[in-house]
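Here's the structure we're looking at; comments come further down.
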Amino acid sequence: MNCIALYGAETWTLRAVDHKHLESFEMWCWRRLEKISWTDHVRNEEVLLRVKEQRNILHEIRKRKANWIGHILRRNCLLQRVIEGKIQGGIEVTGRRGRRRRKLLDDLKERRGYSHLKEKVLDRAIWRARFGRDFGPVVRQTAK
0 MNCIALYGAE TWTLRAVDHK HLESFEMWCW RRLEKISWTD HVRNEEVLLR VKEQRNILHE
60 IRKRKANWIG HILRRNCLLQ RVIEGKIQGG IEVTGRRGRR RRKLLDDLKE RRGYSHLKEK
120 VLDRAIWRAR FGRDFGPVVR QTAK
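FYI, the numbering for the sequence shown is 0 to 143, going by numbering that gives the first Met the number 0.
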């Protein structure tokens with residue numbers, strides 16, 4: 000499920016509505032796997048207990064973003080300059096109505112702080128310790 004649904008997720012900029020839709024999709028998938036009809040009144044927590052899983056689609060997206068941005072920041076490439084907005088030129092758009100569009104860098108600044116990430120990226124040992132393979136959601140133990 001995650002391979003297809005999260006293709007290219009490392010470059011997405013997510014809004015609150017997108018978070019809600021992704022969590023709903025994840026629960027829909029778990030319900031389909033357990034063959035729970037939409038008319039059955041089964042709470043999401045009960046579904047997660049049945050499959051012995053927890054919600055982790057948003058965490059997986061954050062992990063992929065961290066890995067991808069770490070890869071980009073370690074290299075000195077055009078994509079790094081584009082993300083940081085250091086390319087001269089561009090189209091001047093003034094007077095655009097509505098809220099300013101979110102960018103990838105805005106999302107990173109909101110989460111951890113871009114300068115903080117940029118410092119951590121340069122030391123691979125610290126980066127892997129923080130965002131390595133064991134980087135996963137906190138598993139809650141249920142009392143039996």
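Cβ atoms here follow ideal geometry from the backbone N, Cα and C, with glycine treated the same way.
Whose C-beta lies closer than 8 Å to the C-beta of residue i among residues of the same chain, with five residues either side of it excluded?
{"i": "D39", "result": "none"}
{"i": "V138", "result": "Bear in mind that the predicted position of V138 carries a pLDDT of just 45, short of 50, making it too unreliable to give a figure here."}
Please return the same chain residues whose Cβ sits closer than 7 Å to the Cβ of residue i, not counting the five positions on each side in sequence.
{"i": "I71", "result": "L78, Q79, I82"}
Do residue j and residue i come within 8 Å of each other at the CB atom, strictly closer than that value?
{"i": "R63", "j": "A8", "result": "yes"}
{"i": "E25", "j": "I56", "result": "yes"}
{"i": "L5", "j": "E59", "result": "yes"}
{"i": "I35", "j": "V50", "result": "no"}
Could you spell out where the alpha helix (DSSP H) holding residue i opens and where it closes?
{"i": "I60", "result": "56-73"}
{"i": "E44", "result": "43-50"}
{"i": "C28", "result": "15-32"}
Whose C-beta lies closer than 6 Å to the C-beta of residue i among residues of the same chain, with five residues either side of it excluded?
{"i": "K143", "result": "Unreliable placement is indicated for K143, whose pLDDT of 45 sits below 50; the coordinate value is still reported in the next sentence. So no residue of the chain qualifies."}
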